[in-house]
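I have placed the structure first, in the form of structure tokens, so that the comments after it can refer back to it.
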Amino acid sequence: MAPDPCAGRRRGRASVAPVSVSPVRRQDTLIVGGGPAGTATAIGLALGGKTALLVERERHSADPLCGGFLSWTALRRLERLGLDVAALGARRITRLSLIAGTRVVTTDLPAPAASLSRATLDAALQSRAQSLGVEIERGVHVRDIDGDGARCADGRLIEADRIVLATGKHELRGYPRETRSVDPIIGLRWRLTLSPQMMARIDGVIELHCFRGGYAGLALQEDGRANLCLAIRQSRFDECGKKPSGVVRALGEELPVLAERLHHSTRIEDSAAIANVPYGWRYDPAAQSTFYRVGDQAGVIASLSGEGISLALASGLAAARSLLTGETPDRFHATFLPVLRKPVTVAQTGMQLVERPVGAWLTANVAAMFPGLARVSAKAMRITR
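Start counting the sequence shown at 1; every next residue gets the next number (UniProt numbering).
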């Protein structure tokens, strides 16, 4: 008997190979990244009557290395977003100490600033966004953005009419930042538990310790610990044995003022690190884009400026305004990115100056003789729009 070609169909679907279909979700606006830039965009949209889906790659609350200092411009933007950092326990900062070797020059900041951990700040911003109706999904790792939407590591496709890229210093596949450097920057952070006497001495101060091949910022945060954050050249890191512990040891021998802080630390926690920090990079507004870039995906300002969080918030709020008025990504970039040119350039010049011993010594002495000039320089690194 000849085989029946329809037998498989009559017996059901057993003979048909299963087809894997990735679930698809449709959104009006998708924000990729739950840091200050992404949440500022989401809050700005919600305040304007629009909601969005925000996806964050971390499943649990993280404590990113960068962004523990809030400038006066950042504080104004956070207030506009509905956050009271004093209620979160932020430490008030009113003075800057510039330290080059044994030379210590302290000057008043142009306006009060604050010190707050990213863990506390990010959690508060996300909570604020959710209170306004923003949906947040955690543990969603977006691998690619194309004409169809955002493709996730788990195979999902999130279709969206508008996409905001707010992934911070994490690059997205297919959209690398041209940040090649012969001697890139590494970011390192430690949390120090200081003696009560040392806490009293540095309370209200942000210290900038200059050394060959980098600089370090030190300030107290809301839980009473001191946040020590370094930007160090790869070559100098290699000199220190390619280990964070080697960096601490070397700087303790080289910088007497920092050595005193370390000596009065009852506990130094394990370090956190990030490689290839692209300070000075700005997205080219002439390049065509199908999504809105905010935060470090729009531009990366040197950390000595203390303006990183303010840049993130400013770009997020600007993106929200563009989305609410129907501006295209290209129009948004053409309007907002030129605002970054001056502060990013000034901060980059300052970084290149203080990471050289002669430049750091010169900067400290000029600041001592002309304190008003130091405040002018600080203002020049602000995102004012």
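Just so you know, even glycine gets a beta-carbon here, dropped at the ideal spot from N, CA and C.
Here the structure is a predicted model, which means the values were calculated and not measured.
For residue i: DSSP bridge partner residues
i: A113; result: I93
i: Q27; result: A160
i: A272; result: R189
i: I145; result: A150
i: A368; result: The partner list for A368 (beta bridge, DSSP) is empty, contrary to what the question assumes.
i: I232; result: I186, G214
i: I206; result: L96
i: E239; result: Partner(s): none; E239 has no beta bridge.
i: S265; result: L194
i: Y283; result: DSSP, once it has assigned bridges, lists no residue as partnering Y283.
i: E137; result: V55
i: R118; result: The partner list for R118 (beta bridge, DSSP) is empty, contrary to what the question assumes.
i: R103; result: A100
i: A226; result: L192, L220
i: D108; result: R95
i: G82; result: Its beta-bridge partners do not exist; DSSP assigns none.
i: V294; result: Partner(s): none; V294 has no beta bridge.
i: F332; result: F332 is not bridged to any residue.
i: G359; result: DSSP output for G359 lists no bridge partner at all.
i: L70; result: A114
Beta-carbon separation (whole angstroms), residue i vs residue j, contact threshold 8 Å
i: G149; j: I158; result: 5 Å
i: I185; j: A123; result: In fact, because the Cβ distance is near 27 Å, the residues do not count as touching under 8 Å.
i: I301; j: A219; result: The Cβ separation is near 18 Å, so there is no contact.
i: I383; j: T102; result: Contact doesn't hold; Cβ gap of about 34 Å is too wide.
i: F211; j: L255; result: 6 Å
i: L313; j: L30; result: Not a contact, Cβ separation roughly 20 Å.
i: A90; j: E222; result: 6 Å
i: T41; j: G316; result: 4 Å
i: V277; j: A166; result: Actually they do not touch by this definition, with Cβ atoms about 17 Å apart.
i: S271; j: G217; result: No, S271 and G217 are not in contact; Cβ-Cβ is about 15 Å, not under 8 Å.
i: R25; j: R156; result: 7 Å
Spatially closest choice to residue i from the options, by CA coordinates
i: A87; options: R59, L121, G101; result: L121
i: F291; options: R138, N276, D144, L81; result: D144
i: T107; options: A374, K379, I383; result: A374
i: K242; options: G187, A216, H264; result: G187
i: D330; options: V164, G246, V105; result: V164
i: V257; options: A318, A314, V104, S61; result: V104
i: G213; options: Q221, L228, E239; result: E239
i: P285; options: R156, N276, Q297; result: Q297
i: A113; options: G326, R76, V32, E58; result: R76
i: A273; options: G252, R151, Q234; result: Q234
i: L65; options: L304, N227, Q348, H264; result: N227
i: V182; options: D28, Y215, R236, S265; result: R236
i: F332; options: V344, R59, A287; result: A287
i: H170; options: S289, A100, E58, C229; result: E58
i: L96; options: S115, V32, L172; result: S115
i: L98; options: A40, S305, S315, G246; result: S305
i: D161; options: P371, G326, F336; result: G326
i: A259; options: A100, V366, A166; result: A100
i: K379; options: R225, L109, V248, A216; result: L109
i: M198; options: S289, T266, V247; result: T266
i: H209; options: C229, S377, L172; result: C229
Per-residue burial, residue i [other beta carbons within 10 Å of its own, 16 or more giving buried]
i: D84; result: exposed
i: M369; result: exposed
i: A200; result: exposed
i: Q126; result: buried
i: R385; result: exposed
i: A275; result: exposed
i: G350; result: buried
i: E355; result: buried
i: M381; result: buried
i: A318; result: buried
i: A153; result: exposed
i: R128; result: buried
i: V346; result: buried
i: A334; result: exposed
i: P196; result: exposed
i: G372; result: exposed
i: S131; result: exposed
i: Q348; result: buried
i: G295; result: buried
i: R118; result: buried
i: Q27; result: buried
heavy atom of the ligand GDP below 6 Å from residue i C-beta
i: R103; result: The ligand content of the structure shown is nil, which means the ligand GDP is not present either.
* How about the segment 331-340 and the segment 186-206: do they share at least three Cβ pairs that are nearer than 8 Å? -> With a cut-off of 8 Å, the segment 186-206 and the segment 331-340 do not count as touching, because too few Cβ pairs lie within range.
* Asked: If you pair each beta-carbon of the segment 318-335 with each one of the segment 360-370, do three or more pairs fall below 8 Å?
  -> Contact between the segment 318-335 and the segment 360-370 is absent, because fewer than three Cβ pairs lie under 8 Å.
* Using 8 Å as the Cβ pair cut-off and three pairs as the minimum, do the segment 275-282 and the segment 204-212 touch? -> Taking a contact to require three or more Cβ pairs closer than 8 Å, the segment 275-282 and the segment 204-212 do not qualify as touching.
* Please determine if the segment 44-51 and the segment 67-76 are in contact, where contact requires at least 3 C-beta pairs separated by less than 8 Å. => Too few Cβ pairs lie closer than 8 Å, so no.
* Stretch pair the segment 297-316 + the segment 29-37: three plus CB contacts closer than 8 Å -> Inter-segment contact for the segment 297-316 and the segment 29-37 is present: three or more beta-carbon pairs are separated by less than 8 Å.
* To do: Please confirm if the segment 49-57 is in contact with the segment 135-142, defined as three or more CB-CB distances below 8 Å between the two stretches.
  => By the Cβ test, the segment 49-57 is in contact with the segment 135-142, since at least three Cβ pairs between them sit closer than 8 Å.
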